[in-house]
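Asks: Numbering (the numbering used here), first residue to last: 15 to 121.
Each residue gets a CB set at the ideal place from its N, CA and C atoms; glycine is no exception.
Quick one: the structure is below, questions incoming.
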Amino acid sequence: MTTRRHFLKTAAVAGPAALATPSIVRAQTAIKWRMQTYAGSALGEQVTKPAVDFINNAANGEMEIELFYADQIVPTGELFQAMQRGTIDAVHSDDDSMASPTPLQQF
Numbered sequence: 015m016t017t018r019r020h021f022l023k024t025a026a027v028a029g030p031a032a033l034a035t036p037s038i039v040r041a042q043t044a045i046k047w048r049m050q051t052y053a054g055s056a057l058g059e060q061v062t063k064p065a066v067d068f069i070n071n072a073a074n075g076e077m078e079i080e081l082f083y084a085d086q087i088v089p090t091g092e093l094f095q096a097m098q099r100g101t102i103d104a105v106h107s108d109d110d111s112m113a114s115p116t117p118l119q120q121f
């Protein structure tokens, strides 16, 4: 049977040690995102790919963004609708693709 005194003595010893040890949770598998840019491969290689490569390197294998160029998955005019539907996970857009209509979703 645990008494109040026993609990307090145990907590006094274990408490500081538990607080001093940071708890780092790591994903068992890497998070994978599909990202499509409005840019074609020539512009995307210069503009979008360096940013995606930087993020992938900084994530140390815990996250990986797979880059797709204009119209590879969905037409550029449908980027944001595709993201709302979950077809893609991230978008790199310009003024024209940002103007694409996105209906509000009801939750």
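Quick check: what's the CA-CA separation for residue 91 versus residue 72?
Replies: 30 angstroms
Asks: Can you list, in chain order, the residues of its chain whose CB lies under 7 angstroms from that of residue 61, leaving out five sequence neighbours each side?
Replies: 53
Asks: Can you find the residues in the same chain that come closer than 8 angstroms, C-beta to C-beta, to residue 4, ignoring five residues on each side of it along the sequence?
Replies: Absent from the structure is residue 4, since the part of the chain shown begins at 15 and ends at 121.
Asks: Could you give the distance in angstroms between the alpha-carbon of residue 97 and the alpha-carbon of residue 67?
Replies: 21 angstroms
Asks: In the DSSP assignment, find the unbroken alpha helix (DSSP H) run with residue 43 in it and report its ends.
Replies: That residue, residue 43, is in no alpha helix (DSSP H); it is neither H nor E in DSSP.
Asks: What are the complete beta strand (DSSP E) segments, minimum 3 residues, inside the segment 75–110?
Replies: If we require 3 residues or more, the beta strand (DSSP E) runs fully inside the segment 75–110 come out as 77–82 and 104–106.
Asks: Is there at least one Cβ from chain B nearer than 8 angstroms to residue 42's Cβ?
Replies: Structure shown: chain B not included; a single protein chain is present.
Asks: For residue 55 and residue 84, I'd like the C-alpha separation in whole angstroms.
Replies: 7 angstroms
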